[in-house]
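Comments concern the structure below.
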Amino acid sequence: MPLKEESFEVVSETERLEIRPLKKSDYENWLSEFESRYSSQHRHDQGKIDMSDCTQEWFHNLVDKHQDLAITDIAHVFGVFRKEDGTHLGMVDFSTLARDDFQWGRIGYFIHNQYWRKGYGKEAVKEALHIAFNHLKFHRIEAHINVDNSASFNLAESVGMTYECTRKGFIFEFGGWTDNLIYYKNSIE
């Protein structure tokens, strides 16, 4: 049951966070936080990113693309913002893997590394799962995690996701086919 809408706007809040689609007015905040990232802390942290191509026009097109992906139920991309001052902390996204008898999606997440170790990731992902089950109407959400990304699988476990299996040669990255740990959560758990 894909969502059929002209625009997509789900806003959800926790004690400290607002989770919502990016708006065109977020550009300066979004860019500033990407430019403020620390150097890479480990293999799965991009660290500093060259943002020179990310003009305001580019960002506005990105916001429009996110809306199109949500309206067509291909993907749902949410910014994570600190409520007290509106700071962009990171992103959470869902990709639709199958609908019909499955209602199955995949979650991705990151918090800018300058905001790590403050509990924002756990708070954001926990609320994002609420969005996935209650607003996007998924039944099953999976996280596909590199076998050596302990920060990510610890986060998945901390929000109640369960390890299911290791998929061998599952995704092409780092120059080859890599294994992924599969964590999942169902809406009825």
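Residue numbers (full-length UniProt numbering): 1 to 189. For each residue, glycine too, the CB sits at the ideal point set by N, CA and C.
Notebook entry, point to check: Can you tell me the Cα-Cα spacing of K23 and R82, whole angstroms?
Noted result: 15 Å
How about the region 102-113 and the region 140-156: do they share at least three Cβ pairs that are nearer than 8 Å? yes
- Quick one: Cα of N113 to Cα of Y120, how far? 11 Å
- Query: By a C-beta neighbour count over all protein chains shown, 10 Å radius and 16 as the cutoff for buried, is H130 buried or exposed?
  - Reply: exposed
Can you tell me whether E5 is buried or exposed, with buried defined as 16 or more other CB within 10 angstroms of its CB?
-> Low per-residue confidence applies at E5: pLDDT is 44, beneath 50, and the placement is therefore not dependable, though the value from the model is reported in the following sentence. Per the 10 Å Cβ criterion, exposed.
#### Entry: Residue closest to K118, alpha-carbon to alpha-carbon, out of T96, G90, Q46 and F94
G90
Check your understanding: Nearest-angstrom Cα distance between H139 and N180?
Key -> 21 Å
Worksheet item: Considering F78, what are the terminal residues of the beta strand (DSSP E) in which it resides?
Response: A75 to R82
Among residues of its own chain, excluding the 5 on either side of N32, which ones have a beta-carbon nearer than 8 Å to its beta-carbon? First, the residue type needs correcting, since residue 32 is Ser and not Asn in the sequence shown. The answer, listed in chain order, is H88.
With a threshold of 7 Å on Cβ separation, who are the neighbours of M1 within its own chain once the five nearest residues in sequence on each side are excluded? Interpretation of M1 is limited by its pLDDT of 36, a score under 50 that renders its predicted location unreliable; the figure taken from the coordinates is listed afterwards. Answer for M1: R99 and K137, listed in chain order.
Looking at the unbroken beta strand (DSSP E) that takes in S95, where does it start and where does it end?
H88 to A98
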